[in-house]
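Working notes for the structure below.
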Amino acid sequence: MPEPGLAELMNGPLRATPSVREAVLATDATFITVPTPPQPDGALSSRHVVAACVAVGAALRDKPGFHVVAVTSTLMPGGGATLERTVADASGRRAGDGFVLCYVPEFVALGTAIRDYLRPDVVLIGSSAPASGHAVEGLLRRVCENEPRVVRTTFATAELAKLALNAFLATKITFANVLAQACAGLSGADVDAVTTVLGADRRVGPAYLTGAMPFGGPCLPRDTAALAAVARGTGASPALADATLSINAIMLDQLVERVVDALPAGGTVGICGLAFKPGTDALEDSPPATLARRLAAAGIRVVAFDPIVSDGAAVGVELASSLADCIARADVVVLATPDERWRAARLGGRPVVDCWRIRGTEVEELAA
1 MPEPGLAELM NGPLRATPSV REAVLATDAT FITVPTPPQP DGALSSRHVV AACVAVGAAL
61 RDKPGFHVVA VTSTLMPGGG ATLERTVADA SGRRAGDGFV LCYVPEFVAL GTAIRDYLRP
121 DVVLIGSSAP ASGHAVEGLL RRVCENEPRV VRTTFATAEL AKLALNAFLA TKITFANVLA
181 QACAGLSGAD VDAVTTVLGA DRRVGPAYLT GAMPFGGPCL PRDTAALAAV ARGTGASPAL
241 ADATLSINAI MLDQLVERVV DALPAGGTVG ICGLAFKPGT DALEDSPPAT LARRLAAAGI
301 RVVAFDPIVS DGAAVGVELA SSLADCIARA DVVVLATPDE RWRAARLGGR PVVDCWRIRG
361 TEVEELAA
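The working numbering applies: residue 1 is where the sequence shown begins, and numbers increase by one.
Laid out in structure tokens, this is it:
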């Protein structure tokens, strides 16, 4: 996966091992970063984290001294306390006496993950006792290149806060997309002007407030569904999270319809951008990739170009060799990501569905 700065870090003083035991015995702290995949009800499965904690705990039986276990994988509320007991049972030690386990969720974005990790807005540490987070805080302050706000709190608070942040971002994106829909039906209304006004208010801020594509990627859809599951499990209303996901799905349905309406019979759709955003090759829950699959499943020929994605088979469409090749083979061009490369592309008068208004309007006949 492309990530600025990763190659330099990999060439540094890092040593890899397939042995959890070897890693634990040779270090003072273990960070667990494994997947927590969604289940049918939206809740996240911690089975991989549990397995990692069992392995770490077993290794601690043979290690003298104190050890820090930091879980960065996204957890459901209640997960941290369960994992702490798991390590205690596997190690034969008591939490706080021989080891501490903290929940330290990451607030990073693919494509800028290293920068975000080194210069975070906030460091969140959840634990069962206030003193447990002290060692982790000291370690992370040494790593961070800035002076982030550090919040040390309970497991449950940290677990909910992580889900809430991503669900809030998803809701903010969806709010902007609803405004874009409204502006499309109002003569003279400009969604970018509307969101500029909203973003200028310090209570709102401009980030994640562009009416464009539905949200996607590996985190926002997953964590919004997880928050809805938390709400259902606690007696809170899941309506807001559910509506965010529902509206997001409707937005994608409407995008498919727009593209089909602009396509001549038997025509080919060229999609520029397949990953869920520029700067990454991540296709998980990617709206552009889902658009491509939906069109192809409807019997429409699709050709796509993404400067980073190299596996068209993962999407089920043909990849063009270049942006120019993608456009040349298309009867309708979809600019699916906010990539500046699209701005100067020569479209030869083809209809374009400009999802991010890179070239000014959403659907427009553009001259070469």
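Ideal Cβ placement from N, Cα and C applies to all residues, glycine included.
By DSSP, does Leu366 sit in helix, in strand, or in coil?
Confidence is the limiting factor: at Leu366 the pLDDT is only 37, short of 50, which leaves the residue's position unreliable and the question unanswerable from this model.
By the DSSP assignment, the beta strand (DSSP E) with Pro351 in it spans what residues?
Pro351 to Asp354
Are there three or more Cβ pairs, one per stretch, closer than 8 Å when the region 266-275 is compared with the region 326-341?
yes
Test item: CB-CB of Ile247 and Thr268 under 9 Å:
no
Just to confirm, are Val100 and Phe155 a CB contact at a threshold of 9 Å?
no
How should Glu8 be labelled, buried or exposed, when 16 other C-beta atoms within 10 angstroms of its C-beta is the threshold for buried?
exposed
How long is the line joining the alpha carbons of Leu227 and Ala324, rounded to whole angstroms?
42 Å
Does the beta-carbon distance from Cys102 to Ser127 come in below 9 Å?
yes
Would you mind sorting Pro351 into buried or exposed? The rule is 16 or more other CB atoms within 10 Å of its CB.
buried
What three-state label does DSSP hand Gly360 in the structure shown?
coil
Specify the secondary structure class of Glu3 as computed by DSSP and reduced to three states.
coil
Taking the beta carbon of Val122 as the centre, do at least 16 other beta carbons fall within 10 Å, making it buried, or is it exposed?
exposed
According to DSSP, residues forming a beta bridge with Ile318
The question names Ile, yet the displayed sequence has Glu at residue 318. DSSP lists Val303 as partners of Glu318.
Leaving out five residues on either side along the sequence, give the residues of the same chain with a beta carbon under 7 Å from the beta carbon of Asp331.
Leu263, Pro264, Gly267, Thr268 and Arg350
Run through the DSSP bridge pairs and tell me what Ala229 is partnered with.
BP columns for Ala229 are empty, so no partner.
Assuming Met213 and Trp342 make a contact with CB atoms under 8 Å, what is their CB distance in whole Å?
So it is not a contact: roughly 13 Å between Cβ atoms.
For Val191, collect the residues of the same chain with a Cβ closer than 6 Å to its Cβ; drop the 5 residues on either side in sequence, then sort them by chain order.
Leu179, Ala180, Cys183 and Gly211
Just to confirm before moving on: does the CB-CB distance between Ala231 and Ala241 stay below 9 Å?
yes
In its own chain, which residues sit with a C-beta less than 7 Å from the C-beta of Pro148, not counting the 5 before and 5 after it?
Pro120, Asp121, Val122 and Val123
Cutting at 8 Å between CB atoms, please list the residues of its own chain near Pro38, excluding the five before and the five after it.
Leu44, Ser45, Arg222, Ala225 and Ala226
For Val108, which residues in the same chain have their Cβ closer than 6 Å to its Cβ, ignoring the five residues on either side in sequence?
Asp116 and Tyr117
Would you report the Cα separation of Ile358 and Leu283, rounded to the nearest angstrom?
21 Å
Is Arg119 helix, strand or coil by DSSP?
coil
Give the C-beta separation of Ala90 and Ala58 to the nearest angstrom, bearing in mind that I take them to be a contact with Cβ-Cβ under 8 Å.
5 Å
Spell out the partners DSSP gives Pro38 in its beta bridges.
Leu44
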